[in-house]
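Chemist: Below is one structure. I have some questions about it.
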Amino acid sequence: MMTEFKLTHTAPHRLKHMPDLKDYMTTEQAADRLGFNVMHVRAMIREKRLEALKAGRTWLVARKAIDRYLRDTAGMSKHDPRRNSGK
Numbered sequence: 807m808m809t810e811f812k813l814t815h816t817a818p819h820r821l822k823h824m825p826d827l828k829d830y831m832t833t834e835q836a837a838d839r840l841g842f843n844v845m846h847v848r849a850m851i852r853e854k855r856l857e858a859l860k861a862g863r864t865w866l867v868a869r870k871a872i873d874r875y876l877r878d879t880a881g882m883s884k885h886d887p888r889r890n891s892g893k
């Protein structure tokens, strides 16, 4: 005998605001793209220098934030204090 399950609780307000995951990358992918290690990327997220969202236990970094950071720091050394201060 097959039991039929009914969906008793829905959260349509959450579904309207679900981001498109193709616009995000993992912290590992962001670290590779930026040339940093994962811990540095996580620190940048904590310092609000990179836009990110948390999905469960995983942080997802906005691709546009990575592109903006690379554009703003183009030509700077990886160790330039301006690049690492978020200014």
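Just remember that my numbering sits 806 ahead of the position in the sequence shown, which is counted from 1.
Ideal Cβ positions, reconstructed from N, Cα and C, are used throughout, including at glycine.
1. Put L859 into one of helix, strand or coil per three-state DSSP.
2. Would V847 and A861 qualify as a contact pair, given that the criterion is a beta-carbon distance under 8 Å?
3. Which term fits T833, buried or exposed, when burial requires 16 or more other beta carbons within 10 angstroms of its beta carbon?
4. Can you tell me whether M831 is buried or exposed, with buried defined as 16 or more other CB within 10 angstroms of its CB?
5. For the alpha helix (DSSP H) containing M850, list its first residue and its last residue.
6. Do you know whose CA, among Y875, M850, D873, R877, lies nearest W865's CA?
7. If you count every other CB in all the chains shown that lies within 10 Å of the CB of L827, and 16 or more means buried, which is it?
Modeler: Looking at the atomic coordinates:
1. strand
2. no
3. buried
4. buried
5. 844–852
6. M850
7. exposed
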